[in-house]
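A.B. asks:
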Amino acid sequence: MTTLSSKADTKKSESLKKPAGGKKGQSSSQKVRLATAWLGGCSGCHMSFLDLDERLIDLAEAVELVYSPIADVKTFPENVDVTLVEGAVANVDHLELAEQIRERSKIVVSFGDCAVTGNVTSLRNKLPVDDLLTKVYHEGPGAVPRGGEIDKVVPALIPRVLPLHQVITVDAFIPGCPPDPERIWAAVSSLLAGEPVVLADKMRKFG
Amino acid sequence: MAVITVTINDELVSGREGQSLLELVREQGIDLPTLCHLDGLEERGGCRLCMVEMAPGNRLAAACVTPAQEGMVIYTHSERLVKYRRMILELLFAERNHVCAVCVMNGRCELQYEAYTIGMDHVRYDYLTPDLPMDASHDRFVIDHNRCILCTRCVRVCDSVEGAHTWDVMGRGVNCRVITDLNQPWGTSQSCTSCGKCVQVCPTGALHAKGSTVAEMVKRHDFLQWILDGRENHQWTMRNGEPMESGR
Numbered sequence: 000m001t002t003l004s005s006k007a008d009t010k011k012s013e014s015l016k017k018p019a020g021g022k023k024g025q026s027s028s029q030k031v032r033l034a035t036a037w038l039g040g041c042s043g044c045h046m047s048f049l050d051l052d053e054r055l056i057d058l059a060e061a062v063e064l065v066y067s068p069i070a071d072v073k074t075f076p077e078n079v080d081v082t083l084v085e086g087a088v089a090n091v092d093h094l095e096l097a098e099q100i101r102e103r104s105k106i107v108v109s110f111g112d113c114a115v116t117g118n119v120t121s122l123r124n125k126l127p128v129d130d131l132l133t134k135v136y137h138e139g140p141g142a143v144p145r146g147g148e149i150d151k152v153v154p155a156l157i158p159r160v161l162p163l164h165q166v167i168t169v170d171a172f173i174p175g176c177p178p179d180p181e182r183i184w185a186a187v188s189s190l191l192a193g194e195p196v197v198l199a200d201k202m203r204k205f206g
Numbered sequence: 000m001a002v003i004t005v006t007i008n009d010e011l012v013s014g015r016e017g018q019s020l021l022e023l024v025r026e027q028g029i030d031l032p033t034l035c036h037l038d039g040l041e042e043r044g045g046c047r048l049c050m051v052e053m054a055p056g057n058r059l060a061a062a063c064v065t066p067a068q069e070g071m072v073i074y075t076h077s078e079r080l081v082k083y084r085r086m087i088l089e090l091l092f093a094e095r096n097h098v099c100a101v102c103v104m105n106g107r108c109e110l111q112y113e114a115y116t117i118g119m120d121h122v123r124y125d126y127l128t129p130d131l132p133m134d135a136s137h138d139r140f141v142i143d144h145n146r147c148i149l150c151t152r153c154v155r156v157c158d159s160v161e162g163a164h165t166w167d168v169m170g171r172g173v174n175c176r177v178i179t180d181l182n183q184p185w186g187t188s189q190s191c192t193s194c195g196k197c198v199q200v201c202p203t204g205a206l207h208a209k210g211s212t213v214a215e216m217v218k219r220h221d222f223l224q225w226i227l228d229g230r231e232n233h234q235w236t237m238r239n240g241e242p243m244e245s246g247r
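Residue numbers (numbering that gives the first Met the number 0), protein chains in the order written: chain G, 0 to 206; chain C, 0 to 247.
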């Protein structure tokens, strides 16, 4: 088991405002390439992100949204500057996407309590996966018949739900369930200015 | 009472012989975090958040259980202390299931407060996520072991203020639990007077009123000083006139 992931504490402070030209496969746009991803969470963090309201207009001026649950993009693109990741790592698809995100993003941000702590998504960790599926799907009302074969459609659950920083190196954390728009804006505007994310005391409150 | 001189963070301050370092430090307006300490209860020295460094040798001591002495030289917020305090808080969060988002004390919890105040934005340790019970057998109150940090405020207030000693502690290490009577359901306890003092002093959502849901629980620590003022000084007035909420 891991003990201290000191890697997660190294904040990247490289500026995001440098010209993006000259990189393979990248548009000539000077905008910051922003992605948001949705792992094991309720999408509340994304709802709160949309609650940035008129600040979204300023944001749209500064960034190009290259991947997001609110954009129709099928695969996670290359050369992403900042990725906000909502949700904990709960199944094999999340594991794969998390690895891709890390490989293809300069800065990865744990966005909201599920990504930061596991939060509600991890409440199932006290049960072994088989017991959990039995309890939820096979013992409940309108029981689903249990087939012995592995489901090829729904991704398999991993044994324990993990916070993102226990799977990949994370550069910044935005706690909150969901993080309110003010702290999202504080974090995002720091990142756009090429500065490390330093949230005020109350903006670090879990829950 | 003799006056003593202590050096705190390179400044000379005056204190009274016999007072604790914690009391002296807080008298100077320095904010030293605590969780097991509560004004009005005997000290336990369990949470270790109030640790200070004592020169020479930078020996660590819990300020709440260390008497201030003439000539002491202490530091309250060295880099090492802040690092240790954050580690302590992360270990508390990792040990049980402190899921703030679905806790009755969300927004008023002392553990939550100390965590964000010290700068904790994530936990570097593996979460143990133990399978812990809740006991809702009492008519009015609930104990949720998932939120308990074993500060033993409930044990101390029940013993020394209420005089019932319903609460105690069993087990060691991660198996340690607060228990009622002989480790039986709270509702079957014969010693419990249902006074609710344990609920009011609990710093987290471990003890709460039955029926409260997320972020609904409000606790009052001021009643403790009120009782003690009455008992010891025959003064029956609220100190500040206003009910005080927990979470400093």
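Virtual Cβ for every residue (Gly too), placed ideally from N, Cα, C.
C:L48 and C:R84 - do their beta-carbons sit closer together than 8 Å?
C.D. replies: Contact flag set, yes.
A.B. asks: Let me know if G:V135 comes out buried or exposed under the rule of 16 or more other beta-carbons within 10 Å of its beta-carbon.
C.D. replies: Exposed, by the Cβ-count rule.
A.B. asks: Whole angstroms is fine: what's the gap from C:R139's alpha carbon to G:A171's?
C.D. replies: Straight-line Cα distance between these residues: approximately 42 Å.
A.B. asks: Closer than 9 Å, Cβ to any Cβ of chain G: which residues of the region 129-149 of chain C, in chain order?
C.D. replies: Within the region 129-149 of chain C, the qualifying residues are P129, D130 and L131.
A.B. asks: Please state whether DSSP places C:I117 in a helix, a strand or coil.
C.D. replies: C:I117: helix per DSSP, three-state reduction.
A.B. asks: Could you have a look at G:I69 and say whether DSSP puts it in helix, strand or coil?
C.D. replies: Three-state result, G:I69: coil.
A.B. asks: For G:H207 and chain C, any beta-carbon pair shorter than 8 Å?
C.D. replies: Residue coverage of chain G in this structure runs from 0 to 206, which leaves residue 207 of chain G outside it and unanswerable.
A.B. asks: Contact between the region 120-129 of chain G and the region 84-104 of chain G: three or more CB pairs below 8 Å?
C.D. replies: Yes, the region 120-129 of chain G touches the region 84-104 of chain G.
A.B. asks: Could you tell me the distance, in whole angstroms, from the CA atom of G:S27 to the CA atom of G:K105?
C.D. replies: Confidence at G:S27 is low in this model, with a pLDDT of 45, below 50, so the placement of that residue is unreliable and no value is reported for it.
A.B. asks: If the cut-off is 8 Å on Cβ atoms, which residues from the region 95-114 of chain G count as contacting chain C, listed in chain order?
C.D. replies: Per Cβ criterion, the list reads S109 and D112.
A.B. asks: Would C:R15 be called buried (16 or more neighbouring beta carbons within 10 Å of its own) or exposed?
C.D. replies: Exposed, because fewer than 16 other Cβ atoms sit within 10 Å of the Cβ of C:R15.
A.B. asks: Does G:R203 have its Cβ less than 8 Å from a Cβ in chain C?
C.D. replies: So yes, G:R203 belongs to the interface.
A.B. asks: Say whether chain C places a C-beta atom closer than 8 Å to the C-beta of G:C44.
C.D. replies: Cβ-Cβ to chain C under 8 Å: no for G:C44.
A.B. asks: If contacts are defined as beta-carbon pairs under 8 Å, then C:C157 and C:P202 qualify, I think. What distance do you get, rounded to the angstrom?
C.D. replies: Not quite, the Cβ-Cβ distance comes to about 15 Å (not below 8 Å), so this is no contact.
A.B. asks: For G:G40, which three-state DSSP category applies?
C.D. replies: G:G40 falls in the coil class under three-state DSSP.
A.B. asks: Could you name the residues of chain B that C:V122 contacts, counting a contact when the two beta carbons are closer than 7 Å?
C.D. replies: Absence of chain B from the displayed structure is noted, the protein chains being G and C.
A.B. asks: Cutting at 6 Å between CB atoms, please list the residues of its own chain near C:R230, excluding the five before and the five after it.
C.D. replies: Same-chain partners within the cutoff: there are none.
A.B. asks: Can you give me the C-alpha to C-alpha distance between C:C175 and C:E113, rounded to a whole angstrom?
C.D. replies: Between C:C175 and C:E113, the C-alpha separation is close to 23 Å.
A.B. asks: Going by DSSP, what residues sit across from C:M53 in a beta bridge?
C.D. replies: C:R58 and C:I73.
A.B. asks: Curious, which full-length beta strand (DSSP E) runs of at least 3 residues does the region 115-176 of chain G contain?
C.D. replies: Those beta strand (DSSP E) runs which fall completely within the region 115-176 of chain G and span 3+ residues are 156-161 and 171-173.
A.B. asks: Extract the residue ranges of the alpha helix (DSSP H) inside the region 163-209 of chain C, only unbroken runs of 4 or more that lie entirely within it.
C.D. replies: Listed in chain order, they are 196-200.
A.B. asks: Could you confirm whether any beta carbon from chain G is found closer than 8 Å to the beta carbon of C:M205?
C.D. replies: According to the sequence as given, residue 205 of chain C is Ala; it is not Met. No, no contact with chain G.
A.B. asks: From C:T75 to C:A93, what distance separates their C-alpha atoms?
C.D. replies: In a straight line, the C-alpha of C:T75 is about 25 Å away from that of C:A93.
A.B. asks: Could you tell me which chain G residues have their CB closer than 8 Å to the CB of C:N105, listed as they occur along the chain?
C.D. replies: By Cβ distance, chain G contributes G206.
A.B. asks: Among the residues of its own chain, which have a CB less than 6 Å from the CB of C:A163, if the five just before and after it don't count?
C.D. replies: Cβ neighbours of C:A163 beyond the five flanking positions: C157, S190 and T192.
A.B. asks: In terms of residues, what are the limits of the beta strand (DSSP E) holding G:F205?
C.D. replies: Per DSSP, G:F205 belongs to no beta strand (DSSP E) and is neither H nor E.
A.B. asks: Quick one: give me the first and last residue of the alpha helix (DSSP H) that C:L31 is part of.
C.D. replies: No alpha helix (DSSP H) contains C:L31, which DSSP labels as neither H nor E.
A.B. asks: When you check each C-beta in the region 30-57 of chain G against every C-beta of chain C, which residues fall closer than 8 Å?
C.D. replies: Against chain C - using a Cβ distance shorter than 8 Å - the region 30-57 of chain G contributes no residues.
A.B. asks: Pick helix, strand or coil for C:D38, following the three-state DSSP scheme.
C.D. replies: Coil.
A.B. asks: Run through DSSP, which three-state label would C:P66 get?
C.D. replies: C:P66 falls in the strand class under three-state DSSP.
A.B. asks: Between the Cα of G:D179 and those of G:C44, G:G39 and G:R32, spot the shortest distance and give me the residue it belongs to.
C.D. replies: Considering only alpha carbons, the answer is G:C44.
A.B. asks: When you compare each of C:I226, C:G70 and C:M169 to C:S159 by their alpha carbons, which one comes out closest?
C.D. replies: C:S159 has its Cα closest to that of C:I226, out of C:I226, C:G70 and C:M169.
A.B. asks: Against chain C, with Cβ distances strictly below 8 Å, would G:S188 count as a contact?
C.D. replies: With 8 Å as the cut-off, G:S188 does not count as an interface residue toward chain C.
A.B. asks: For the region 69-88 of chain G, which residues have a beta carbon sitting closer than 7 Å to at least one beta carbon of chain C?
C.D. replies: Residues: none.
A.B. asks: Name, in chain order, the residues that DSSP records as bridge partners for G:N90.
C.D. replies: Bridge partners of G:N90: G:L156.
A.B. asks: Under 8 Å, Cβ to Cβ, is there at least one residue of chain C near G:N220?
C.D. replies: In the structure as shown, chain G starts at 0 and stops at 206, and residue 220 of chain G therefore has no counterpart that could be examined.
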